[in-house]
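Numbering (numbering that gives the first Met the number 0), first residue to last: 0 to 303. Idealized CB from N, CA, C, for every residue including glycine. What you are looking at is a predicted structure, and each value in this text was computed from that prediction instead of being measured.
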Amino acid sequence: MTDHEDLVRRIERDLMDSYDEELELEIEDRHPDMATHALGAGDTEADKSQRIAYFRELFRLQAELVKLQDWVAASKQKVVILFEGRDAAGKGGVIKRITQRLNPRVCRVVALPAPNDRERTQWYFQRYATHLPAAGEMVLFDRSWYNRAGVERVMGFCSDDEYEEFFRSVPEFERMLVRSGIKVLKYWFSITDEEQHLRFLGRIHDPLKQWKLSPMDLESRRRWEDYTRAKETMLERTHIPEAPWWVVPADDKKKARLNCIHHLLSQFEYAEIQRPEVQLPARVRNPDYLRHPVPADIIVPAVY
């Protein structure tokens, strides 16, 4: 094999690795048996066509997200995006697709655990405020301060007074963020009762997904109507002009991802940042340099 052929082979292998990342995400959304049909074997021509169209549009939107990221960094924008919704509604999936090709130093995800004893004594918004963006940053909250309007209200983790104080405070808190120059976007992922039921069953019977089911998630099934009432109250009382809610119908995961990303991009008048042409410098070779062999006992075994 010539050096050129070896180089081409390495490039092809690297490209295939990139496609495999996408296929893994696709398999994650389907039955584990689909792993044996990663390239769509057995699908109808219509199914294959839809998958190709989905990937093509996803790649296009992700390329636009890279442009948005560069514009945010270059123009020193500050962006906060909240992702809320029912358990198993697909928030994590769209966050994965948004961040997949972005620089984590510019775009980062915040997914906070339950507050500890000290945090429970703080001003409610305090632990969220520490994660707000500086200039040139985008922060995606995988659940946010709206926990108080949802799970805390339904599960009785806050008092009636704390609940009412939240609704008095949150509009002013978000207006302060906007006045300080932060762009605030709020997405609610909406799925039907039947769709959530099916997704929970999928998680129960898939060992790779069982970690996604917490006791709180299971309890949310029993309290579906309580969560519906809490959601309706939240949307009604916190839908403000400065930071409106946007509802994403999410029974179809693929369409929900594409629609959310498309809408997100439409909220910014961004422009592509022209980068200077990159010139790879020649490697400096010193005749007196001797590379020492790596000790065999610290090399990871070549099992594969």
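Option in the options with minimal Cα separation from residue i
i           : options               : result
residue 50  : 252, 283, 296 and 217 : 252
residue 165 : 237, 186 and 96       : 237
residue 186 : 66, 233, 162 and 154  : 233
residue 101 : 68, 76 and 119        : 68
residue 110 : 143, 74 and 129       : 143
residue 219 : 199, 43 and 270       : 199
residue 223 : 84, 156, 268 and 52   : 84
residue 161 : 76, 124 and 130       : 124
residue 192 : 43, 221 and 269       : 221
residue 156 : 215, 298, 178 and 180 : 215
residue 260 : 90, 48 and 76         : 90
Exposure of residue i, with buried meaning 16 or more beta-carbon neighbours within 10 Å
i           : result
residue 34  : With a pLDDT of only 41 at residue 34, under 50, the local geometry of the prediction cannot be trusted, and the value read off the model is given with reservation. Looking at its Cβ environment, which holds fewer than 16 other Cβ atoms inside 10 Å, residue 34 is exposed.
residue 285 : exposed
residue 92  : buried
residue 146 : buried
residue 217 : exposed
residue 151 : buried
residue 249 : buried
Inter-residue Cα distance where the pair is residue i and residue j
i           : j           : result
residue 30  : residue 287 : Here the model assigns residue 30 a pLDDT of 44, short of 50, so the residue's position is not dependable and the matter cannot be decided.
residue 97  : residue 107 : 10 Å
residue 227 : residue 117 : 31 Å
residue 302 : residue 99  : 28 Å
residue 183 : residue 169 : 13 Å
residue 28  : residue 64  : Residue placement at residue 28 cannot be trusted, given a pLDDT of 49 that sits under 50; what the coordinates show is reported in the next sentence. Each residue's Cα considered, the two are about 22 Å apart.
residue 243 : residue 153 : 23 Å
residue 59  : residue 88  : 24 Å
residue 46  : residue 212 : 30 Å
residue 275 : residue 122 : 46 Å
residue 203 : residue 66  : 39 Å
residue 201 : residue 258 : 24 Å
residue 300 : residue 3   : 29 Å
residue 292 : residue 282 : 20 Å
residue 32  : residue 206 : Legend: pLDDT at residue 32 = 47, less than 50; position of this residue unreliable, value from coordinates given subsequently. Cα to Cα, the separation comes out at about 13 Å.
residue 1   : residue 278 : 25 Å
residue 128 : residue 43  : 49 Å
residue 48  : residue 75  : 40 Å
residue 103 : residue 62  : 16 Å
residue 179 : residue 52  : 40 Å
residue 115 : residue 280 : 51 Å
residue 235 : residue 120 : 28 Å
Contacting residues, own chain, Cβ-Cβ under 7 Å from residue i (five flanking each side not counted)
i           : result
residue 71  : 78, 105, 135 and 137
residue 94  : 82, 108, 139 and 141
residue 113 : none
residue 272 : 69, 70 and 73
residue 269 : 66, 67 and 70
residue 130 : 109 and 138
residue 172 : 124
Presumed contact (8 Å Cβ cut-off) between residue i and residue j, rounded CB distance
i           : j           : result
residue 350 : residue 209 : Beyond the ends of the chain as shown, which are 0 and 303, falls residue 350; an answer cannot be given.
residue 188 : residue 255 : 7 Å
residue 167 : residue 241 : In fact, because the Cβ distance is near 16 Å, the residues do not count as touching under 8 Å.
residue 80  : residue 289 : Actually they are not in contact, since the Cβ atoms of residue 80 and residue 289 sit about 52 Å apart, beyond 8 Å.
Same chain, Cβ closer than 6 Å to residue i, five either side skipped, listed in chain order
i           : result
residue 239 : 170
residue 176 : 183
residue 246 : 187 and 189
residue 126 : 118
Close-in-space but distant-in-sequence residues of the same chain around residue i (CB under 8 Å, 5 per side omitted)
i           : result
residue 295 : none
residue 56  : 257
residue 149 : 83, 226, 229, 230 and 233
residue 266 : 182 and 184
residue 197 : none
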